[in-house]
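Sequential numbering from 46 applies to the sequence shown in the working numbering. The C-beta atom is built at its ideal place from N, Cα and C for all residues, glycine as well. Bear in mind the structure is a predicted one, so any value in this text is a computation, not a measurement.
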Amino acid sequence: MSEKDKIENLLNKYFDESILTFHTLKNNISTIKRMALEIHQSQINGSKLLIGGNGGSAADAQHFAGELTCTYKKPDRRPYSAISLSSNASAITAWANDFGYDSYFSRQVEAYGKSGDILFLISTGGGEKDGFSSNLVQAGEKGINLGLKLFSLVGKTGGELSKISHEHVKVDSFTTSHIQEAHITIIHSICEILESI
């Protein structure tokens with residue numbers, strides 16, 4: 046097989062797997078709708094959305110906050126109050142250096158979160174009590190204790206976040222890149238709903 050054929054096969058396989066993952070998102074329409082409507086209602090009530098994630102999910106958190114505070118498609122709509130917990134490099138590095146990264150997000154939730162707010166966490170694996178993305182699990186627990194509603198986007202087994210969240214969408218894949226692609230599509234679908242109501 047030529048190098049060109051190998052590359053074409055690789056791309057066809059990747060795109061086919063991605064398409065299959067996207068098709069499964071339709072199984073979560075009612076949950077996505079509930080999330081969007083609760084975000085909308087919380088904003089009417091004067092509450093805000095706190096969004097967090099690690100790595101690529103941190104970028105998704107910033108992307109989501111940007112869509113909400115600026116605009117998605119409608120430049121004339123009112124802004125949504127949304128804060129990315131991943132965007133302050135000085136705070137992240139100071140806290141991680143002095144106290145450890147595991148408690149960084151819970152500290153941010155304590156600083157910004159108020160009862161009635163929504164904490165929206167994004168993790169391809171869903172986090173563990175001790176291990177991968179335990180910082181998000183700690184943040185989720187802190188948020189719940191402070192009276193925040195916890196929403197999450199996860200993948201793989203769903204992890205700890207799927208167990209403690211009030212609402213969650215688990216992408217039906219174990220491939221991190223496909224989960225990330227699906228997460229940004231879910232984020233955009235929430236924005237579609239928010240700009241239609």
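For a cut-off of 8 Å, the C-beta gap from Leu164 to Gly158 is around 7 Å, short enough to register as a contact.
Here Lys71 carries a helix assignment [DSSP, helix/strand/coil]. Across the structure, Leu56 and Leu70 are spaced so that their CA atoms are roughly 22 Å apart. By the Cβ-count criterion, Ser75 is exposed, with fewer than 16 other Cβ atoms from all chains shown falling within 10 Å of its own Cβ. Per the coordinates, the alpha-carbon of Leu65 lies some 11 Å from the alpha-carbon of Val216.
Around the beta-carbon of Asn99, 16 or more other beta-carbon atoms lie within 10 Å, marking it buried. Taken atom to atom, the span from the alpha-carbon of Arg122 to that of Lys187 is near 32 Å. If you check the CB distance, Ile52 and Leu95 do not come in under 9 Å. By the beta-carbon neighbour count (other beta carbons within 10 angstroms, threshold 16), Gln86 is exposed.
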